[in-house]
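Everything below concerns the one structure shown next.
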Amino acid sequence: MERFVFILLLLLLVFSSHANDNPGVGGSVIAMAGKGCVALGVDKRFGIGGQLVGCGGPRVVRVNSRLLLGLSGLETDLMTLMEEVRAMETLRRVRGLAALDPAPFAGGLSALLYRKRYYLQPVVAGLTPTRGQGQ
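Take the sequence shown: its letters are residues -19 to -1, 1 to 116, numbered as in mature numbering (1 follows the signal peptide of the UniProt record, and there is no 0).
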């Protein structure tokens, strides 16, 4: 397990400098899927180029028991989208609907991102209920 976490952090550090085209918005997200598990790594760095300005807040949303959403990008857009996703999932639970799988959630997230001009890079990681494999 420690080796797995080390490799995940190493990949995150390697790709973090190439994640965003805008140097004013820092951060990167990486996800890996395995047999019966998924891993999501998020860089909380908030900086301009090589200068560290601060560390941001939470960038991962646990949508349901089998689905995670990792976000990187503009902090205000990030907070707005996290609130919308949480509200959407709460509404699904209140209505008694089944939990979303990764593919339908990604489609809904795509439509949500298309409606407004969010400056975000989302990564969806989750398990399918039938096969129990990561996506």
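In this text, a Cβ means the ideal position worked out from N, Cα and C, and glycines have one as well.
Annotation for alanine 12: the continuous beta strand (DSSP E) segment containing it runs 10 to 15.
When Gly54, Tyr99, Ala92 and Ser91 are compared, the shortest CA-CA separation from lysine 25 is found for Gly54.
Glycine 8 counts as buried, since at least 16 other C-beta atoms from the protein chains shown sit within 10 angstroms of its C-beta. For arginine 98, the number of other beta carbons within 10 angstroms of its own is below 16, and it is reported as exposed. Contact between proline 103 and leucine 50 is confirmed by a C-beta separation of about 6 Å, below the 8 Å threshold. Beta-carbon to beta-carbon, leucine 101 and valine 19 are separated by about 20 Å, too far to satisfy the 8 Å threshold. Its chain contains Arg40, Leu59, Leu101 and Pro103 as the residues whose beta carbon lies nearer than 6 Å to that of leucine 52, once the 5 sequence neighbours on both sides are disregarded; these appear in chain order. DSSP, read as helix, strand or coil, puts proline 83 in helix. Remark: C-beta atoms of alanine 68 and asparagine 45 do not approach each other more closely than 9 Å. Per the coordinates, the alpha-carbon of glutamate 64 lies some 26 Å from the alpha-carbon of alanine 14. Beta-bridge partners of arginine 67 (DSSP): none assigned.
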